[in-house]
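Using our numbering, the first residue of the sequence shown is number 9, and each one after it goes up by one. All C-beta atoms, glycine included, are put in the ideal place defined by N, C-alpha and C. This structure is a prediction, so every number in the text was calculated from the model and none was measured. Everything below concerns the one structure shown next.
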Amino acid sequence: MGSEVFTRLEDLGLTIPAVVPPVAAYVPAVQTNNHVYVSGQLPMVDGKLAAAGLVGADVTPEQAKELARQAGLNALAAVHALVGLDKVVRVVKIVGFVASAPGFTGQPGVINGASELFAEVFGEAGRHARSAVGVSSLPLNTPVEVEAIFEVA
Numbered sequence: 009m010g011s012e013v014f015t016r017l018e019d020l021g022l023t024i025p026a027v028v029p030p031v032a033a034y035v036p037a038v039q040t041n042n043h044v045y046v047s048g049q050l051p052m053v054d055g056k057l058a059a060a061g062l063v064g065a066d067v068t069p070e071q072a073k074e075l076a077r078q079a080g081l082n083a084l085a086a087v088h089a090l091v092g093l094d095k096v097v098r099v100v101k102i103v104g105f106v107a108s109a110p111g112f113t114g115q116p117g118v119i120n121g122a123s124e125l126f127a128e129v130f131g132e133a134g135r136h137a138r139s140a141v142g143v144s145s146l147p148l149n150t151p152v153e154v155e156a157i158f159e160v161a
């Protein structure tokens, strides 16, 4: 991947944000052998949650998709701070959690925000296995949370 990743980010008009400080007793990312495990990332922007509430009630699916994209960008920040994005070989798996209003079943479309970001940044190496899970609530009343596993060189 190398510098190609940074060129793609620039082409997308994106910059890697500062790593979001943990909100509890964990670290943003951990490397073991050739994998980086990224803790669940929230859609924080400049230290603040970008939106709050349940998807399908307080937050539209379209807004939630953008929030998932931001959470994905924050996951990239955690990887970059730990090993550097130029070391990413591929995105292995993401798990997306969506705080869902009763009856909301569009979780896969919401988590596409993160999935599409990773494909845009890493190309074919950004395609990954995935789960998209609806839950009744998430920390800080965030609408989405994204965790990820990356293979690194």
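Can you tell me which of L17, G21, G134, A79 puts its alpha carbon nearest to the alpha carbon of P151? A79
Rounded to a whole number of angstroms, what is the C-alpha to C-alpha distance between V160 and G104? 21 angstroms
Is the distance from the Cβ of V63 to the Cβ of A107 below 8 angstroms? yes
Starting from the Cα of N120, find the closest Cα among V35, L81, P29, K56 and give me that residue. When V35, L81, P29, K56 are compared, the shortest CA-CA separation from N120 is found for L81.
Helix, strand or coil for I119 per DSSP? helix
Between E12 and P110, what straight-line distance do the alpha-carbon atoms span, to the nearest angstrom? 42 angstroms
How is the alpha helix (DSSP H) around E132 delimited, first residue to last? Element bounds for E132: n/a, residue is neither H nor E.
Do you know offhand how far A76's Cα is from N41's? Distance from the CA of A76 to the CA of N41, rounded to the nearest whole angstrom, comes to 27 angstroms.
Distance between beta carbons of P36 and A86, contact taken as under 8 angstroms: 4 angstroms
From the DSSP output, in three-state form, read off F126 for me. helix
Euclidean distance between Cα positions of F158 and R98: 6 angstroms
Given a cut-off of 8 angstroms, decide if A60 and N149 are closer than it, judged by their beta-carbon atoms. yes
Run through the segment 10-97 for me and flag every whole alpha helix (DSSP H) of 4 or more residues, listed as ranges in chain order. 12-19, 69-90
Where do the N-terminal and C-terminal ends of the beta strand (DSSP E) with F158 fall, by residue? 152-160
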